[in-house]
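Quick note on numbering: full-length UniProt numbering labels position 103 of the sequence shown as 103, and the sequence is numbered without any gaps. From the three backbone atoms N, C-alpha and C, an ideal C-beta is built for every residue, glycine too. Okay, structure first, notes after.
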Amino acid sequence: MPFLDHPRGPAYYRHWAVPDPSASVVFLHGFGEHTGVYHRYGFALNAAGIDLWAVDQFGHGLTGGDRGDVGTLEDSSALAESLTELAGQAHPGIPVIAQGHSYGAVVTLARALEHGDRYAGTVISGAPLVPVPELLDVDTSLDLDPAWLSADPFYLDAMVNDPLAFVEADSRALARELDRAWDRFGADLPALAVPTLAVHGGQDPIAPVSAVRAYAETIAPLELVEFPGARHDILNETVHREVADTIVAFIHRVIHIGDE
Numbered sequence: 001m002p003f004l005d006h007p008r009g010p011a012y013y014r015h016w017a018v019p020d021p022s023a024s025v026v027f028l029h030g031f032g033e034h035t036g037v038y039h040r041y042g043f044a045l046n047a048a049g050i051d052l053w054a055v056d057q058f059g060h061g062l063t064g065g066d067r068g069d070v071g072t073l074e075d076s077s078a079l080a081e082s083l084t085e086l087a088g089q090a091h092p093g094i095p096v097i098a099q100g101h102s103y104g105a106v107v108t109l110a111r112a113l114e115h116g117d118r119y120a121g122t123v124i125s126g127a128p129l130v131p132v133p134e135l136l137d138v139d140t141s142l143d144l145d146p147a148w149l150s151a152d153p154f155y156l157d158a159m160v161n162d163p164l165a166f167v168e169a170d171s172r173a174l175a176r177e178l179d180r181a182w183d184r185f186g187a188d189l190p191a192l193a194v195p196t197l198a199v200h201g202g203q204d205p206i207a208p209v210s211a212v213r214a215y216a217e218t219i220a221p222l223e224l225v226e227f228p229g230a231r232h233d234i235l236n237e238t239v240h241r242e243v244a245d246t247i248v249a250f251i252h253r254v255i256h257i258g259d260e
C-alpha cells in the first residue's frame, strides 16, 4: 500500500489516475472520514481528465494514530505538501488544485494563504470558518448525528457500517486546531489571493453557510456556490454529481480549458 513519510508515522494515500491529466487535485478529508468514501468523486474527476490525490489524515482511515486525533494544522499541511510534491513528480508542469473538506478545508485555506503560489486554484467544501457551537463546550468527544452529514442512503450506510469511518471520537485535537485557525482567519482571510471555490450545503448544520457567504461577499477571489437543502458532506450528498460538475467547471476555468 502507498504511504507518505511523516515524523508522526506513515500516512496512507490513494491516487485516482488518468493517463494524461490536465490538472491534479490534492485533497484533505474531514473529521471521521477517510479517502475510501471519495471513490465517486475521484471517478468524476477522472472522467473530466483530472487526477485526484488524497491522504488519510492522522487518526483516520488506514493512517495510524488515536481515532480522531488529527495532530496539528502543521501535520495536515505537511501531508498536503507531500501530495503536492507527488503530483508534481508524476506529471511535471501541470496545474495543481488544493482541495479540502470540513477540517481539511480549514487546512487547505491556511495553505492557500501561506503557499498560494503552489496552486492554480483552491476548492473548499463544508468549511467551518467561524466557531462551531458543538465544539465550544465539548469535553473530550464529539458525537455527530449522521443525518447532519447527508441524505444519501448509500453514504450514510458507509458512515455507520464502514469500520474506517466514524461519527464519534475524541475531538480535543480537532477543537484545538480549529480554534487556532479561527483566531487567524478573521484577520488573514481577506488577503486570500488564490482563486477559490466554496461549495456548501444550504442546510449544513455543522458549518452554517452564512459564514462562508459573508466572507465571499468581501473577498474577490472567493466564489461560493450553495446547494439548497444539502447538508454538511456536500461531496457525498444526493447532489454529488452537480457538486462534482461545479468543481470540474471551476478547475477548467482556472487552468484555462475552453478559453479559446
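{"query": "Nearest-angstrom Cα separation, counted from A105 out to F166", "result": "19 Å"}
{"query": "Beta-bridge partners of W53, as assigned by DSSP", "result": "H15 and V26"}
{"query": "Alpha-carbon to alpha-carbon, S22 and D179", "result": "36 Å"}
{"query": "Inter-stretch contact (C-beta, 8 Å, three-pair minimum) for the region 23-39 and the region 148-163", "result": "yes"}
{"query": "Beta-bridge partners of T196, as assigned by DSSP", "result": "T122 and L222"}
{"query": "Sheet register partners of G100 (DSSP bridge)", "result": "L28 and I124"}
{"query": "Contact the region 43-56 vs the region 170-190: 3+ CB pairs below 8 Å", "result": "no"}
{"query": "Residues that S171 bridges to, as DSSP identifies them", "result": "Bridge partners of S171: none, in fact."}
{"query": "Proximity of A110 and L73 at Cβ, strictly below 8 Å", "result": "yes"}
{"query": "Proximity of D51 and S24 at Cβ, strictly below 8 Å", "result": "yes"}
{"query": "Where R14 falls, given that 16 or more other Cβ within 10 Å makes a residue buried", "result": "buried"}
{"query": "N-terminal and C-terminal residue of the alpha helix (DSSP H) that D233 is part of", "result": "Counting along the chain, D233 falls outside any alpha helix (DSSP H), and DSSP gives it neither H nor E."}
{"query": "Buried or exposed (CB count within 10 angstroms, at least 16 for buried), T218", "result": "exposed"}
{"query": "Residues near V130 in its chain [Cβ-Cβ closer than 6 Å; skip 5 each side]", "result": "A211"}
{"query": "Alpha carbon of A47 to alpha carbon of T108, nearest angstrom", "result": "24 Å"}
{"query": "Per DSSP, the bridge partner or partners of S141", "result": "D170"}
{"query": "Exposure label - residue 261; buried when at least 16 CB within 10 Å", "result": "With the chain covering 1 to 260 only, the question about residue 261 has no answer from this structure."}
{"query": "contact_flag[the region 85-98, the region 186-193] where n(CB pairs < 8 Å) is 3 or more", "result": "no"}
{"query": "Minimum C-alpha distance to V70 - residue among A98, V254, A11 and G121", "result": "A11"}
{"query": "Per DSSP, the bridge partner or partners of F3", "result": "Y12"}
{"query": "Supposed contact pair V26 and V132 - C-beta distance, whole angstroms, cut 8 Å", "result": "The Cβ separation is near 25 Å, so there is no contact."}
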